[in-house]
Structure formats: structure tokens, C-alpha cells
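Top to bottom, those sequences are chains B and C. Under the working numbering, the first residue of the first sequence is numbered 6, with each subsequent residue one higher. Under the working numbering, the first residue of the second sequence is numbered 6, with each subsequent residue one higher. Backbone N, C-alpha and C fix where the C-beta goes; we use that ideal spot for every residue, glycine too.
There are 2 protein chains.
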Amino acid sequence: MARHPFDRAEHIYKNDAFAELVKDAVRFFNGTPVHELPLQERFTGSGVYALYYTGSNPHYARLADLNRLSYAVPIYVGKAVPRGWRQARVSDNLLTQSNELQNRIREHTRNIVIGDGLDLADFACRFVIFEAEGSDMISTVEATLIKLFRPLWNSAVDGFGNHTPGAGRFDQAKSDWDVMHKGRDFADKCRGIAKDLDTILKNIEAHFKRHHP
Amino acid sequence: MARHPFDRAEHIYKNDAFAELVKDAVRFFNGTPVHELPLQERFTGSGVYALYYTGSNPHYARLADLNRLSYAVPIYVGKAVPRGWRQARVSDNLLTQSNELQNRIREHTRNIVIGDGLDLADFACRFVIFEAEGSDMISTVEATLIKLFRPLWNSAVDGFGNHTPGAGRFDQAKSDWDVMHKGRDFADKCRGIAKDLDTILKNIEAHFKRHHP
Chain B
6 MARHPFDRAE
16 HIYKNDAFAE
26 LVKDAVRFFN
36 GTPVHELPLQ
46 ERFTGSGVYA
56 LYYTGSNPHY
66 ARLADLNRLS
76 YAVPIYVGKA
86 VPRGWRQARV
96 SDNLLTQSNE
106 LQNRIREHTR
116 NIVIGDGLDL
126 ADFACRFVIF
136 EAEGSDMIST
146 VEATLIKLFR
156 PLWNSAVDGF
166 GNHTPGAGRF
176 DQAKSDWDVM
186 HKGRDFADKC
196 RGIAKDLDTI
206 LKNIEAHFKR
216 HHP
Chain C
6 MARHPFDRAE
16 HIYKNDAFAE
26 LVKDAVRFFN
36 GTPVHELPLQ
46 ERFTGSGVYA
56 LYYTGSNPHY
66 ARLADLNRLS
76 YAVPIYVGKA
86 VPRGWRQARV
96 SDNLLTQSNE
106 LQNRIREHTR
116 NIVIGDGLDL
126 ADFACRFVIF
136 EAEGSDMIST
146 VEATLIKLFR
156 PLWNSAVDGF
166 GNHTPGAGRF
176 DQAKSDWDVM
186 HKGRDFADKC
196 RGIAKDLDTI
206 LKNIEAHFKR
216 HHP
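#1: Name the chain C residues that come within less than 7 Å of B/SER144, Cβ to Cβ?
#2: Between C/LYS84 and C/VAL53, which are expected to be in contact by the criterion C-beta below 8 Å, what is the C-beta distance as a whole number of angstroms?
#3: Where does the unbroken beta strand (DSSP E) through C/ILE134 begin, and where does it stop?
#4: Need the endpoints of the alpha helix (DSSP H) that B/LYS152 sits in, please.
#5: Flag this pair as yes or no: are the beta carbons of C/THR3 and C/ARG131 separated by less than 7 Å?
#6: How many Å lie between B/TRP182 and C/LYS179 at the Cα?
#7: Specify, as a first and last residue, the run of the alpha helix (DSSP H) that B/LYS187 falls within.
#8: Taking buried to mean at least 16 other C-beta atoms within 10 Å of its own C-beta, is C/GLU105 buried or exposed?
#9: If C/PHE23 sits next to B/GLY139, beta carbons under 8 Å apart, how far is it from one beta carbon to the other, in whole angstroms?
#10: Applying the 10 Å Cβ sphere with the 16-neighbour rule, what's the burial state of C/LEU68?
#11: What did DSSP end up calling C/ALA85 once you bin it into helix, strand or coil?
#12: Between the segment 109-125 of chain B and chain C, which residues of the former have a C-beta closer than 9 Å to a C-beta of the latter?
#13: Contact criterion: CB-CB distance below 7 Å. Does C/ALA30 meet it with respect to chain B?
#14: Starting from C/VAL53, trace the beta strand (DSSP E) in both directions and tell me its first and last residue.
#15: Taking C/MET142 as the reference, give the member of B/GLU15, B/LYS19, B/ARG13 with the closest Cα.
#16: Given this structure, state the Cα-to-Cα distance separating C/LYS207 from C/ASN98, to the nearest angstrom.
#17: Taking Cβ-Cβ distances shorter than 8 Å, what residues in chain C pair up with B/GLY139?
#18: Applying a beta-carbon distance threshold of less than 9 Å, which residues of chain C neighbour B/PHE132?
#19: Less than 8 Å between the CB atoms is what I'm expecting for C/LEU42 and C/TYR81, so what's the real figure, rounded?
#20: Here's the rule I'm using: 16 or more other beta-carbon atoms within 10 Å means buried, otherwise exposed. How should B/GLY197 be labelled?
#21: Would you say C/VAL162 touches the ligand MG, meaning its beta carbon is less than 6 Å from a heavy atom?
#22: Can you list the alpha helix (DSSP H) stretches of 4 or more residues lying completely in the segment 98-132 of chain B, in chain order?
#23: Taking 7 Å as the CB-CB limit, is B/THR46 close to chain C?
#24: Where DSSP assigns a beta bridge to B/ALA275, which residues make up the other side?
#25: Secondary structure at C/ILE17, three-state DSSP: helix, strand or coil?
#26: DSSP state of C/HIS217, grouped into three classes?
#27: So, is the C-beta of B/ARG88 closer than 7 Å to a C-beta in chain C?
#28: Quick check: the Cα distance between C/GLN102 and C/GLY89, rounded to an integer number of angstroms?
#29: Going by beta-carbon coordinates alone, are B/ASP121 and B/LYS187 separated by less than 7 Å?
#30: In this structure, how does DSSP classify B/GLU46 when only helix, strand and coil are distinguished?
#31: Please report the distance separating the alpha-carbon of C/ASP12 from that of B/GLU136.
#32: Assign B/HIS40 to one of three DSSP states: helix, strand, or coil.
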């Protein structure tokens with residue numbers, strides 16, 4: 006093969022339409038109705054969701070304040086991708102849709118109920134379903150929402166979205182979230198050295214000072 | 006909060022422009038110049054890359070055949086995201102760009118050199134750099150290329166992109182790729198039960214029959 010002379014500029018993809026498109030999806034997201042937890046209805050589909058906190062836990066007072074008049078700043082943003090996406094990047098198939106998004110929100114609902122210092126009635130949920138080829142947007146929209154809002158449980162307080170560790174993985178540390186909100190069985194089995202509560206509370210303070218002053 | 010009546014249709018985001026935009030990026034990708042390995046030049050940026058195989062390893066004969074006249078079907082597709090993306094979803098910053106993409110391709114180059122039964126001269130590489138807000142497209146474009154080409158080392162033969170397992174993770178099994186191409190130090194330390202070579206070769210055969218008959 007003849008060596009092609011290297012020119013970095015030939016390898017840069019530029020398209021401003023993409024950023025606009027993502028903004029459109031974010032605007033749509035922020036305009037969808039908010040629901041109480043637990044969600045009452047069964048529905049199919051994968052997509053992106055946000056959880057909002059409006060309760061009286063003193064460490065999250067800033068969030069309750071920010072969300073006093075509208076659901077403005079989520080405490081957590083997540084995604085549920087179509088079955089087969091993680092391995093083979095299979096897009097959503099309208100004919101074989103499953104309950105990915107609802108199941109994920111339900112799992113979070115259970116963890117909120119279990120976690121010390123939290124009351125499910127203080128949480129609300131927004132979600133958007135992406136279907137067929139649109140499901141390829143899911144990761145991008147989730148990432149954009151996280152960048153935009155810096156949700157506390159996606160950043161300063163890590164671990165809310167964790168599952169039971171796989172076999173032999175219990176040498177990892179208990180997550181910040183599990184230190185804050187005791188109750189999950191698997192967290193107590195983690196043998197690693199967790200952050201102490203004081204450090205986490207300082208991180209929370211610094212987080213709000215930086216992102217939501 | 007008054008309960009908003011649930012209507013699934015209100016939660017579905019539709020926008021055909023997205024699929025078109027991703028196709029445009031894929032077309033651009035397939036039109037970029039192909040380079041030999043190792044890459045000679047240093048360059049900054051994050052993005053998506055593909056590796057192509059045109060050698061004489063009998064198990065990969067179908068790939069050499071498919072790529073005889075043009076670099077048509079990659080053996081592996083991957084991405085390098087901007088620093089900070091995995092945690093905080095920070096987009097590419099033109100002022101603090103690093104060599105993510107080149108470093109990742111260099112790591113692959115080393116593994117190809119180490120791996121038994123592979124000759125670096127039989128590989129070629131395509132890559133596209135996504136800058137600034139465009140870097141939010143990286144995961145989507147990578148996913149689309151994987152769906153489109155079903156690269157062998159992303160699917161039937163798993164493990165090429167693995168790093169040294171974290172502390173205490175050596176109870177996992179050696180990857181398919183490491184069974185096929187012995188040589189990586191960390192692979193020999195994995196104590197889990199790996200697939201035997203015969204099974205992997207059958208998977209390769211089935212893969213080509215199904216995706217590139």
C-alpha cells in the first residue's frame with residue numbers, strides 16, 4: 006500500500022447540525038410531563054430519564070430549593086438502552102420492544118425506598134422514549150443532560166445506579182451513595198475502604214457551590 | 006403534585022434528521038484516507054477508528070478477501086473519548102486536546118505486534134476526529150459502524166480492546182482474542198475458564214456465514 010501523506014485536517018468531521026439536534030431533544034425532554042414514583046403504568050421502550058428531589062434531607066436542601074417552582078435540576082440522570090445494544094449495538098426494534106426504561110426506573114424506585122434518609126414521595130421522574138433508529142441517540146442525550154445539569158448522584162455522590170457486584174467483585178468499596186443511604190444488601194458485603202461520611206458531605210457542599218451557587 | 010395522566014405518546018421523541026446525520030458521518034468516515042500501522046505522526050484529538058486486516062491468517066481469510074480491492078470491512082472498530090467524558094461527560098476542548106485517539110491506536114498496534122499469528126504489516130487503519138461539541142457524536146458513530154460492519158473482534162472474537170484487569174479481577178477468564186493470539190502478559194494471569202480454541206474457530210465460521218456470506 007502506498008503511504009498516504011498524513012494530513013490531520015482530512016480526518017476531522019464537522020457538522021453543526023448535530024449539536025442543534027441534540028439541543029432539540031433536550032428541549033423536548035425538559036417539556037415532558039413529570040410523574041410521581043412509583044410509576045403506575047406498564048409501558049415498553051428504552052430511553053433517557055431524570056429523577057428530581059424536592060424533600061427535606063438537609064444535605065440536599067439546595068436541590069429542593071432549585072426545584073421549588075419547577076422541576077429544573079435533577080438529582081440523577083440515566084438511560085436504558087435496547088436489549089442487545091451493549092453487545093451488538095442493536096437498535097430498538099418496534100416489534101420486540103421490552104420494558105427496559107420502566108424496569109430501570111422501577112429498580113431506582115426500590116433503591117430509594119430501601120435507602121435511609123430518603124422518602125419516595127419526595128421524588129419525581131421525567132423520561133423520554135427513543136424508538137427504532139432514534140434509539141441510537143440515547144447515549145448522546147443522556148450525556149448532554151448530565152453535562153448540562155451535573156446531577157449530584159451522577160457526580161459528587163457516586164453509586165446510586167450500581168447493581169449487585171458480579172462474582173468475586175466484593176473487594177470493591179461501598180459507594181458514596183450507600184454510605185449516605187444505608188440499606189442495600191449488597192453494599193454491606195463490599196469489603197473495600199469506603200469514603201467516610203464527612204468527606205462525602207464536603208464533596209456535596211463543594212458540588213453545589215461550584216455547579217449551583 | 007397533581008398526578009399527570011399517563012400517555013406514553015407524550016414521551017416519545019421523533020426526529021428523522023438524526024439518522025440522516027449519523028449516515029453522513031459514516032459516509033465521511035468511509036471516505037477518509039487509510040494509514041499503515043504504526044501511525045508515524047503525533048496528533049491530538051478524540052474520535053472513532055477502524056482496523057482492517059488483509060493478511061493470510063487462515064481463520065481471517067474471508068476478511069482478506071472482502072478487503073482485497075478496498076478497505077471495506079474492518080476487523081475492529083473502536084472509539085477514544087475526550088478526557089473527562091466517562092465521568093462528567095466533558096466534551097472535547099480545543100484548548101486542552103490530548104492524544105486520546107492516537108494513544109488508543111498505538112495501544113492496539115502494540116497488542117497486534119505481541120499477539121501470535123498476526124503481522125502488523127497486514128493491518129491498516131482509518132480514523133475520524135470529532136472536535137468540540139461534535140465529540141458528543143463519538144459513541145453514536147462507533148455504535149453505528151459496529152452495527153453496520155459487525156467487525157469480528159467486536160463480536161465473535163471478544164477481548165482485543167481489553168486492558169490489564171484491575172486489582173483482584175484476575176478471576177475472570179482469558180478472552181477469546183487472547184486464546185487466538187497468545188502473548189499478552191495479563192492474559193496468562195487470568196484464572197477463569199476460557200473458551201477452547203475449537204469453539205472460537207466455530208464461532209468465527211458462523212460469524213462470517215451469517216454476516217459476510
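This is what the structure holds:
#1: Taking the first residue of the first sequence as position 1, residue 144 of chain B is located at position 139. In chain order: SER144, THR145.
#2: As a first step, residue 84 of chain C is located in the second sequence; it is residue number 79 there, counting from the start. As a first step, residue 53 of chain C is located in the second sequence; it is residue number 48 there, counting from the start. 5 Å between Cβ atoms; contact.
#3: Stepping through the second sequence from its first residue, residue 134 of chain C is reached at position 129. Residues 128-135.
#4: Position 147 of the first sequence, counting from 1, holds the residue named residue 152 of chain B. 143-154 is the extent of the alpha helix (DSSP H) around B/LYS152.
#5: The requested residue 3 of chain C is not part of the displayed model; chain C covers only 6 to 218.
#6: Position 177 of the first sequence, counting from 1, holds the residue named residue 182 of chain B. Position 174 of the second sequence, counting from 1, holds the residue named residue 179 of chain C. Approximately 33 Å between the Cα atoms of the pair.
#7: Taking the first sequence and counting its residues from 1, the one referred to as residue 187 of chain B is at position 182. Where B/LYS187 is concerned, there is no enclosing alpha helix (DSSP H), given that its DSSP letter is neither H nor E.
#8: In the second sequence, the residue the question calls residue 105 of chain C occupies position 100. So C/GLU105 ends up on the buried side.
#9: In the second sequence, the residue the question calls residue 23 of chain C occupies position 18. In the first sequence, the residue the question calls residue 139 of chain B occupies position 134. Contact holds; Cβ gap of about 6 Å.
#10: Here residue 68 of chain C corresponds to residue number 63 of the second sequence, with the count starting at 1. Classification for C/LEU68: buried.
#11: Locating residue 85 of chain C in the second sequence gives position 80, where the first residue counts as 1. Three-state DSSP puts C/ALA85 in a strand.
#12: none
#13: Stepping through the second sequence from its first residue, residue 30 of chain C is reached at position 25. Yes, contact with chain B.
#14: In the second sequence, the residue the question calls residue 53 of chain C occupies position 48. It spans 51-58 - the beta strand (DSSP E) in which C/VAL53 sits, taken as one unbroken run.
#15: Against the second sequence, residue 142 of chain C aligns to sequence position 137. Out of B/GLU15, B/LYS19, B/ARG13, B/LYS19 has the C-alpha closest to the C-alpha of C/MET142.
#16: Residue mapping note: residue 207 of chain C aligns to position 202 of the second sequence, counting from 1. Residue mapping note: residue 98 of chain C aligns to position 93 of the second sequence, counting from 1. Whole-angstrom Cα-Cα distance: 45 Å.
#17: By one-based count along the first sequence, residue 139 of chain B stands at place 134. Per Cβ cutoff of 8 Å: TYR18, LYS19, ASN20, PHE23, ALA24.
#18: Here residue 132 of chain B refers to the residue found at position 127 of the first sequence. Chain C residues near B/PHE132: HIS16.
#19: What you label residue 42 of chain C is simply residue 37 of the second sequence in a count that begins at 1. What you label residue 81 of chain C is simply residue 76 of the second sequence in a count that begins at 1. C/LEU42 to C/TYR81, Cβ: 12 Å. No contact.
#20: Here residue 197 of chain B refers to the residue found at position 192 when the first sequence is read from its first residue. When all chains shown are included, B/GLY197 counts as exposed.
#21: As far as ligands go, the structure on display features none, and thus does not contain the ligand MG.
#22: 105-119
#23: Locating residue 46 of chain B in the first sequence gives position 41, where the first residue counts as 1. Here residue 46 of chain B turns out to be Glu, not Thr, going by the sequence shown. Closer than 7 Å: yes.
#24: Because chain B is modelled from 6 through 218, residue 275 of chain B falls outside the range shown and cannot be assessed.
#25: If you number the second sequence from 1, residue 17 of chain C lands on position 12. Strand, per DSSP.
#26: Residue mapping note: residue 217 of chain C aligns to position 212 of the second sequence, counting from 1. Three-state DSSP puts C/HIS217 in coil, outside helix and strand.
#27: Sequence index remark: in the first sequence, residue 88 of chain B carries index 83 (1-based). It does not; no Cβ of chain C falls within 7 Å.
#28: Against the second sequence, residue 102 of chain C aligns to sequence position 97. Against the second sequence, residue 89 of chain C aligns to sequence position 84. Roughly 11 Å separates the two Cα atoms.
#29: For this step, residue 121 of chain B is matched to residue 116 along the first sequence. For this step, residue 187 of chain B is matched to residue 182 along the first sequence. Closer than 7 Å, so yes.
#30: The sequence position of residue 46 of chain B within the first sequence is 41, counting from 1. Coil, per DSSP.
#31: The count along the second sequence starts at 1 and reaches residue 12 of chain C at position 7. The count along the first sequence starts at 1 and reaches residue 136 of chain B at position 131. About 16 Å.
#32: The sequence position of residue 40 of chain B within the first sequence is 35, counting from 1. Strand, per DSSP.
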